[in-house]
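Visitor:
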């Protein structure tokens with residue numbers, strides 16, 4: 084086969100000939116699933132007008148609903164061993180990722196590395212990762228409330244008034260502290276984050292999360308400078324992790340996907356603290 | 005107490021809405037980072053003292069010093085840690101802050117691919133080494149000689165408790181441990 088597969092008995096991922104994720108097998112089913120990096124160009128506004136402000140530290144506001152692909156072909160390297168299987172992906176000179184599945188885990192880990200975001204074209208960019216499945220979510224998705232309960236979100240909708248969104252992308256973005264999820268009657272997909280991010284589901288079956296942004300204009304809400312991190316010259320590089328859970332939406336109580344997500348959520352945000360001690364002068368017996 | 009108080013004050017500052025949302029000016033962001041770094045460094049003295057008290061059992065060998073260093077590596081997020089990269093023998097103490105037992109896969113940046121890991125009972129654990137991703141290795145301002153990450157499973161870390169692992173680079177180790185990518189598919 085020309086396809087690349089990694090996984091264990093709980094979850095398997097397939098990558099197509101272009102290096103992109105194409106399929107997930109978990110919980111007794113195989114479903115289409117793609118993942119890619121894209122970016123929006125930040126709006127450049129006239130800050131004197133309230134409704135025409137630039138995208139900046141306070142507001143995410145793409146120039147248009149148009150999204151740009153970071154790459155259409157991914158160079159990959161695959162490492163398989165007894166504890167972990169990894170696919171190292173390079174999307175372009177400033178976006179790369181390692182997708183890994185540990186031997187005993189029931190989820191996949193996506194460790195992304197984005198930056199420095201190029202600005203030679205004088206355009207601010209807001210980079211997202213997008214997971215696209217065939218789940219029929221019917222406009223509904225869920226985001227967490229500060230790591231506690233999950234809140235139901237409906238695309239192009241507000242609970243207490245009739246809304247007509249003028250900005251379809253940013254108008255559907257919600258804060259994600261630890262988790263974003265969607266499901267239909269058969270399947271569920273959830274992504275756990277390692278930090279607070281913005282996220283949305285702009286099409287049924289899709290989840291997207293913003294991972295990094297570099298903007299060249301102040302949004303006039305108070306900070307008084309562009310989100311450009313000029314102190315670091317070339318711009319910042321951000322590295323982080325997403326954990327992907329995929330499985331049946333309705334399972335026996337006690338072993339639900341949601342329960343497993345909750346456990347990993349705690350372990351992701353409160354991992355073991357690491358302390359290193361130099362043992363050069365002591366053998367393992369002395370140490371014991 | 006002064007160490008802990010500096011961390012308390014820093015965490016107080018971090019409650020400001022600009023710190024929570026990232027809407028602070030760049031110079032303020034740098035100051036936040038500096039305060040957190042100083043506070044963490046100050047509190048490492050408290051952590052070292054506590055860990056030394058916890059780990060000094062009465063059967064402790066006289067060959068091992070009464071007080072050990074317990075260093076934190078704050079650059080692990082870019083796969084860099086001076087102590088694990090430059091020492092052929094080191095101990096890793098893992099403290100589990102959760103109120104339940106956990107299993108965690110541990111990744112340690114190392115300069116070579118031949119390492120052995122012993123658990124607290126002296127049992128050798130299965131390990132794997134993978135290369136540090138190219139894009140990370142090439143980060144311009146990353147000062148690290150780590151080319152690999154050593155992986156092992158820290159099983160059954162006790163709730164709000166700790167376990168220590170001994171990691172050493174054996175004098176003789178088979179070459180076939182060197183990680184290589186799977187053949188490319190076309």
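Protein chains in written order, with our numbering: chain A, 84 to 371; chain B, 5 to 190. Yeah, the Cβ is synthetic: ideal placement off N, Cα and C, and Gly gets one too. Just so you know, these numbers come straight off a predicted model, no measurement behind them.
Assuming residue 105 of chain B contacts residue 161 of chain B (C-beta within less than 8 Å), just tell me the rounded distance between them.
Guide: Locating residue 105 of chain B in the second chain gives position 101, where the first residue counts as 1. Locating residue 161 of chain B in the second chain gives position 157, where the first residue counts as 1. Indeed they touch by this definition, with Cβ atoms about 7 Å apart.
Visitor: Given that residue 320 of chain A touches chain B, what residues does it touch there, using C-beta distances under 7 Å?
Guide: Looking up residue 320 of chain A in the first chain gives position 237. For residue 320 of chain A, the residues of chain B that pass the 7 Å Cβ criterion are 143, in the order they occur in the chain.
Visitor: With 9 Å as the C-beta to C-beta threshold (strictly closer), list the residues of the stretch 70-81 of chain B near chain A in chain order.
Guide: Those residues of the stretch 70-81 of chain B that come within reach of chain A (Cβ to Cβ, closer than 9 Å) are 72, 73, 74, 75, 76, 77, 80, 81.
Visitor: Note the first and the last residue of the continuous alpha helix (DSSP H) segment covering residue 113 of chain B.
Guide: Walking along the second chain from the start, residue 113 of chain B turns up at place 109. Following the DSSP letters along the chain, one finds residue 113 of chain B in no alpha helix (DSSP H) but inside the beta strand (DSSP E) bounded by residues 106-114.
Visitor: Residues of chain B with CB under 8 Å from residue 113 of chain A, in chain order?
Guide: As a working note, residue 113 of chain A is residue 30 in the first chain. Going along chain B, no residue has its Cβ under 8 Å from residue 113 of chain A, so there is no contact; the nearest lies around 19 Å.
Visitor: Taking the DSSP output, what are the residues bridged to residue 238 of chain A?
Guide: Counted from its first residue, the first chain places residue 238 of chain A at position 155. Bridge partners of residue 238 of chain A: none, in fact.
Visitor: Which two residues bound the contiguous alpha helix (DSSP H) that contains residue 342 of chain A?
Guide: Here residue 342 of chain A corresponds to residue number 259 of the first chain, with the count starting at 1. Counting along the chain, the alpha helix (DSSP H) containing residue 342 of chain A begins and ends at 340-352.
Visitor: Kindly indicate if chain A contains any beta-carbon less than 8 Å away from that of residue 126 of chain B.
Guide: Within the second chain, numbered from 1, the residue matching residue 126 of chain B stands at position 122. Yes, because at least one Cβ of chain A sits closer than 8 Å to the Cβ of residue 126 of chain B.
Visitor: What are the start and end residues of the beta strand (DSSP E) that includes residue 132 of chain B?
Guide: Taking the second chain and counting its residues from 1, the one referred to as residue 132 of chain B is at position 128. Unbroken beta strand (DSSP E) run through residue 132 of chain B: 131-135.
Visitor: In terms of residues, what are the limits of the alpha helix (DSSP H) holding residue 32 of chain B?
Guide: Counted from its first residue, the second chain places residue 32 of chain B at position 28. Here the alpha helix (DSSP H) through residue 32 of chain B covers 30-59.
Visitor: Identify each residue in the stretch 339-353 of chain A for which the Cβ-Cβ distance to at least one residue of chain B is less than 7 Å, and report them in chain order.
Guide: 349, 350, 353
Visitor: Nearest chain A C-beta to residue 57 of chain B closer than 8 Å, yes or no?
Guide: For the purposes of this step, residue 57 of chain B is taken as residue 53 along the second chain, with counting starting at 1. Not an interface residue.
Visitor: Can you look up residue 210 of chain A in the DSSP assignment and give me helix, strand or coil?
Guide: Here residue 210 of chain A refers to the residue found at position 127 when the first chain is read from its first residue. Residue 210 of chain A falls in the strand class under three-state DSSP.
Visitor: Taking only beta carbons into account, state which residues of the stretch 125-153 of chain A come closer than 7 Å to chain B, listed in chain order.
Guide: Here the close residues are 140, 141.
Visitor: The alpha helix (DSSP H) spanning residue 369 of chain A covers which residue range?
Guide: Working through the first chain from its first residue, we reach residue 369 of chain A at position 286. Note, residue 369 of chain A: alpha helix (DSSP H), 367-370.
Visitor: Within the chosen definition, does the stretch 250-269 of chain A reach the stretch 215-231 of chain A through at least 3 CB pairs nearer than 8 Å?
Guide: They touch, by the three-pair rule.
Visitor: With a threshold of 8 Å on Cβ separation, who are the neighbours of residue 370 of chain A within its own chain once the five nearest residues in sequence on each side are excluded?
Guide: For the purposes of this step, residue 370 of chain A is taken as residue 287 along the first chain, with counting starting at 1. Cβ within range, chain order: 362.
Visitor: Which whole-angstrom value is the C-beta distance of residue 295 of chain A and residue 192 of chain A, which I expect to be below 8 Å?
Guide: Within the first chain, residue 295 of chain A is the residue found at index 212, counting from 1. Within the first chain, residue 192 of chain A is the residue found at index 109, counting from 1. Contact flag wrong, Cβ pair sits at about 18 Å.
Visitor: Quick check: what's the CA-CA separation for residue 139 of chain A versus residue 299 of chain A?
Guide: Here residue 139 of chain A corresponds to residue number 56 of the first chain, with the count starting at 1. Here residue 299 of chain A corresponds to residue number 216 of the first chain, with the count starting at 1. Each residue's Cα considered, the two are about 8 Å apart.
Visitor: Could you check the C-alpha separation between residue 169 of chain A and residue 161 of chain A for me, to the nearest Å?
Guide: The residue labelled residue 169 of chain A in the question sits at position 86 within the first chain. The residue labelled residue 161 of chain A in the question sits at position 78 within the first chain. Whole-angstrom Cα-Cα distance: 6 Å.
Visitor: Give the single residue among B/48, B/28, B/43, B/17 whose Cα lies nearest to the Cα of residue 356 of chain A.
Guide: Your numbering for residue 356 of chain A matches position 273 in the first chain. Measuring from the Cα of residue 356 of chain A, the nearest candidate turns out to be B/48.
Visitor: Evaluate residue 244 of chain A with the Cβ neighbour count: other Cβ atoms within 10 Å of its Cβ, from every protein chain shown; 16 or more gives buried, anything less gives exposed.
Guide: What you label residue 244 of chain A is simply residue 161 of the first chain in a count that begins at 1. Classification of residue 244 of chain A: exposed, given that the 10 Å Cβ count is below 16.
Visitor: State buried or exposed for residue 288 of chain A, treating a residue as buried only when at least 16 other CB atoms are found within 10 Å of its CB.
Guide: Taking the first chain and counting its residues from 1, the one referred to as residue 288 of chain A is at position 205. The residue in question, residue 288 of chain A, is buried, as its Cβ has 16 or more Cβ neighbours within 10 Å.
Visitor: Using only the alpha-carbon positions, how far apart do residue 153 of chain B and residue 351 of chain A sit?
Guide: The residue you call residue 153 of chain B lines up with position 149 of the second chain. The residue you call residue 351 of chain A lines up with position 268 of the first chain. Rounded to the nearest angstrom, the two C-alpha atoms are 19 Å apart.
Visitor: Enumerate in chain order the residues of its own chain whose CB-to-CB distance from residue 101 of chain A is below 8 Å, with the five nearest sequence positions on each side excluded.
Guide: Residue 101 of chain A sits at position 18 when you count from the first residue of the first chain. Taken in chain order, the residues that qualify are 155, 156, 157.
Visitor: Listed in chain order, which residues of the stretch 157-171 of chain A have Cβ atoms closer than 7 Å to some Cβ of chain B?
Guide: 160, 161, 162, 163, 164, 165, 166, 167, 169, 171
Visitor: Between residue 49 of chain B and chain D, is the shortest Cβ-Cβ distance under 8 Å, so that the two count as touching?
Guide: Judged by its chain identifiers, the structure shown contains no chain D, and its protein chains are A and B.
Visitor: Rounding to the nearest angstrom, what Cα-Cα distance links residue 267 of chain A and residue 23 of chain B in this structure?
Guide: Taking the first residue of the first chain as position 1, residue 267 of chain A is located at position 184. Taking the first residue of the second chain as position 1, residue 23 of chain B is located at position 19. Spanning the two alpha carbons is a distance of roughly 37 Å.
Visitor: Can you pull out the residues from the stretch 18-30 of chain B whose beta carbon lies closer than 9 Å to at least one beta carbon of chain A?
Guide: Those would be 22, 24, 25, 26, 27, 28, 29, 30, in chain order.
Visitor: Using 8 Å as the limit for Cβ to Cβ distance, is residue 105 of chain B near chain A?
Guide: On the second chain, residue 105 of chain B is found 101 positions in, with the first residue counted as 1. Chain A contact via Cβ: absent.
Visitor: Using the Cβ count rule (16 or more neighbours within 10 Å means buried), how would you classify residue 31 of chain B?
Guide: For the purposes of this step, residue 31 of chain B is identified with residue 27 of the second chain, where counting begins at 1. With fewer than 16 Cβ atoms within 10 Å of its Cβ, residue 31 of chain B is classed as exposed.
Visitor: Let me check one thing: in DSSP terms, what residues is residue 265 of chain A bridge-paired to?
Guide: Translated into positions along the first chain, residue 265 of chain A becomes position 182. Answer is A/272.
Visitor: At the level of alpha carbons, what is the spacing between residue 239 of chain A and residue 265 of chain A?
Guide: Here the question's residue 239 of chain A lines up with position 156 in the first chain. Here the question's residue 265 of chain A lines up with position 182 in the first chain. About 16 Å.
Visitor: What would DSSP say about residue 200 of chain A, mapped onto helix, strand or coil?
Guide: Counting from 1 along the first chain, the entry for residue 200 of chain A is found at position 117. Residue state, collapsed to three classes: coil.
Visitor: So that I know if they touch, is there some Cβ in chain B lying closer than 8 Å to that of residue 206 of chain A?
Guide: Numbered from its first residue, the first chain carries residue 206 of chain A at position 123. For residue 206 of chain A, the answer is no, since every Cβ of chain B falls outside 8 Å of its Cβ.
Visitor: What residues of chain A sit near residue 95 of chain B, judged by a beta carbon separation below 9 Å?
Guide: Mapped onto the second chain, residue 95 of chain B falls at position 91. Simply 358, 359, 360, 361, 362, 365, 370.
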